[in-house]
Structure formats: C-alpha cells, structure tokens
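> Dropping the structure in here first, questions after.
In the UniProt record's numbering, the protein residues as written are 1 to 71.
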C-alpha cells in the first residue's frame, strides 16, 4: 500500500444566512481549485455585527486535501 500525505489549510467562509452555509461556501469555493478534499473541521464560529444586528455568519475551517508533488 502506498503512503499518502495530506496538506491542511485554513479557510473562512461567510454567509448572511447561517454558519452551515458559511462552511459550505468555503468548501464550495475551495473545491474549484483543490482536488481530493478529504476532511473539514470547524475550528471557530463567529458573527459580524452591525448596529446591534447580525450582518454575517463566519465559519473558520481546517481543510485537508491530498498533497501531490509537482514531479
């Protein structure tokens, strides 16, 4: 069995509707340029507040994908 290596990056997704949609937005955008996304772990949830009202939901994710060397 061949060994595999995975790279982990941090992404922040935003949504005006929910944390779930913020996380989904981050994964959707990342999948446009990264292949073999494997696992996403939510590391932080926060809100953008303006005039006492929630303006945006933000989800910070650690996302892993299969590392491929340029060789």
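Cβ atoms here follow ideal geometry from the backbone N, Cα and C, with glycine treated the same way. Here the structure is a predicted model, which means the values were calculated and not measured.
Need the endpoints of the beta strand (DSSP E) that residue 29 sits in, please.
In the chain shown, counting from the first residue as 1, residue 29 sits at position 29. Where residue 29 is concerned, there is no enclosing beta strand (DSSP E), although the alpha helix (DSSP H) it sits in stretches over 19-30.
> Bridge partners of residue 46, per DSSP?
On the chain shown, residue 46 is found 46 positions in, with the first residue counted as 1. DSSP, once it has assigned bridges, lists 58 as partnering residue 46.
> Determine the burial state of residue 2: buried for a count of at least 16 other Cβ atoms within 10 Å of its Cβ, exposed for fewer.
Counting from 1 along the chain shown, the entry for residue 2 is found at position 2. Exposed: under 16 other Cβ atoms inside 10 Å.
> Is the beta carbon of residue 29 less than 9 Å from the beta carbon of residue 47?
Counted from its first residue, the chain shown places residue 29 at position 29. Counted from its first residue, the chain shown places residue 47 at position 47. It is not a contact, given that the beta carbons lie outside the stated cut-off.
> Between 7, 27, 16, which lies nearest to residue 60 when the distance is taken from Cα to Cα?
Translated into positions along the chain shown, residue 60 becomes position 60. Residue 27 is the option with its Cα nearest to residue 60.
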